[in-house]
Amino acid sequence: MKKTTQLARQLIKAVGCANGLAGRQLGCENAVEVIKASPYFTGVQQRLPLQWAKIIEEVNTGRHASALSGVTQTCRQLAHETRLVIENKDELLVFGGDHSCAIGTWSGVATALRPVGDIGLIWVDAHMDAHTPDTSDTGNIHGMPVAHLLGFGDKNLVRIGDRLPKLLPHNLCMVGIRDYESAEQELLERLGVRIFYANEVEKRGIQDVMQEAQYLVTRNTIGYGLSIDLDGFDVSYAPAVGTPSADGINALEFIKALLTIDLTKLIATEIVEFLPRFDDDRRTSEQLVSSLVEYIYKTKQFQINSVNEIAARVSKSEPVQQVSQAM
0 MKKTTQLARQ
10 LIKAVGCANG
20 LAGRQLGCEN
30 AVEVIKASPY
40 FTGVQQRLPL
50 QWAKIIEEVN
60 TGRHASALSG
70 VTQTCRQLAH
80 ETRLVIENKD
90 ELLVFGGDHS
100 CAIGTWSGVA
110 TALRPVGDIG
120 LIWVDAHMDA
130 HTPDTSDTGN
140 IHGMPVAHLL
150 GFGDKNLVRI
160 GDRLPKLLPH
170 NLCMVGIRDY
180 ESAEQELLER
190 LGVRIFYANE
200 VEKRGIQDVM
210 QEAQYLVTRN
220 TIGYGLSIDL
230 DGFDVSYAPA
240 VGTPSADGIN
250 ALEFIKALLT
260 IDLTKLIATE
270 IVEFLPRFDD
280 DRRTSEQLVS
290 SLVEYIYKTK
300 QFQINSVNEI
310 AARVSKSEPV
320 QQVSQAM
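What the sequence shown shows, in numbering that gives the first Met the number 0, is residues 0 to 326, in sequence order.
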């Protein structure tokens, strides 16, 4: 029988990771500071029970391949913080930084919940991020987190938290993929990871895709996470990214899709690759980050309240049913 655990929590703890050295372009390290000061996010904080926890500053050992040691140290610190939040039974919200921080985020979550069961993950992105140091031409580690979470790549990154893979391939879904290289595709398809390429999303619609993805990542797990790279969205909704890719997900349709999936099993959310200096005059990407947080957690709380209300009604009616059966 599949193990379950109560994952619904009231307090949302926001952990920041101010990292950018592992990306193609510098600037994502400023995202957390901008989000904290954002008037849009301030409004969200007034409407949600959200509290900032620790902000991790990245360890600088250089760029590209030279960043490996620094990324390892940064992700170890981040994993420690995410594990503490999960073990404290709070909601976890992580802001990056470049996407290499995902190694830390999900290593901490998986390690904390290892005694209870496996976790699932929906990876929303234009890219597969499934290179290893041996297959990457650039050495940019923000293109490697998926491989390392699956147990492939640098041994120090793979073993953050514990020595086991943090994700099993059948518990991972990738949504919106449209910019990738053959080595990444070969690895993920060989492992059997479900990849919803951009053309499938366009054909079926993001709502249908997200519903299937949510089913796949929860059928053998105790719950799932969302790792959202802003470049997964169309650049008209998310211009402030360092690796833009055309024909992305319609952000408004994505938010609508969130209203239709089961968020009561959502363990944690991660939002990454916001590069503030590339935002437009309307601060479109900044607004999108705030909207994602608000809609995810308001929807989750509504779903939890509804479930609790139904459970309370059923509980009250049980004695009556038992008497009726006895008669």
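Glycine included, each C-beta is placed from N, C-alpha and C at the ideal position.
Rounded to whole angstroms, the Cβ separation of PRO132 and LEU149 is 15 Å, and the two are not in contact under 8 Å. Measuring C-alpha to C-alpha distances from GLY191 to each of ASP207, VAL200, ASP178, CYS172 identifies CYS172 as the nearest. Rounded to the nearest whole angstrom, the CA to CA distance from ILE266 to GLY222 is 6 Å.
Counting the other CB atoms within 10 Å of its CB gives ILE102 a total of 16 or more, which places it among the buried residues. Per DSSP, CYS74 is not a residue of any beta strand (DSSP E); the alpha helix (DSSP H) it occupies stretches across 67-86. Relative to LEU20, the option among VAL58, VAL108, ALA52, ARG46 whose CA is nearest is VAL58. In this structure VAL43 is not in contact with VAL271, their Cβ atoms being roughly 18 Å apart against a cut-off of 8 Å. In the structure shown, GLY160 falls within a coil segment according to DSSP collapsed to helix, strand and coil. For TYR39, the enclosing alpha helix (DSSP H) has its first and last residue at 38-46.
Rounded to the nearest whole angstrom, the CA to CA distance from GLU185 to PHE151 is 13 Å. According to the DSSP assignment, ARG189 belongs to the alpha helix (DSSP H) that extends over 181-190. If you keep only unbroken alpha helix (DSSP H) runs of at least 4 residues inside the stretch 247-301, you get 250-257. Distance from SER226 to ARG177 at the Cβ level is roughly 17 Å; contact not present, criterion being Cβ atoms closer than 8 Å.
Across the set LEU262, PHE232, LYS202, the C-alpha of LEU262 shows the shortest separation from the C-alpha of TYR214. Check the Cα spacing between ASP230 and each of ARG62, ALA311, VAL174: the tightest is with VAL174. In the structure shown, LYS12 adopts extended strand secondary structure according to DSSP, grouped into three states. Rounded to whole angstroms, PHE94 and SER290 show a C-alpha spacing of 14 Å. When DSSP states are grouped into helix, strand and coil, LEU112 belongs to the helix group. Secondary structure note for GLN210: its alpha helix (DSSP H) is the uninterrupted segment 205-217. Only exposed fits LEU10, as fewer than 16 other CB atoms lie within 10 angstroms of its CB. The straight-line gap separating the alpha-carbon atoms of ASP128 and SER314 is approximately 47 Å. In this structure, DSSP gives LEU120 an extended state, which the three-state scheme calls strand.
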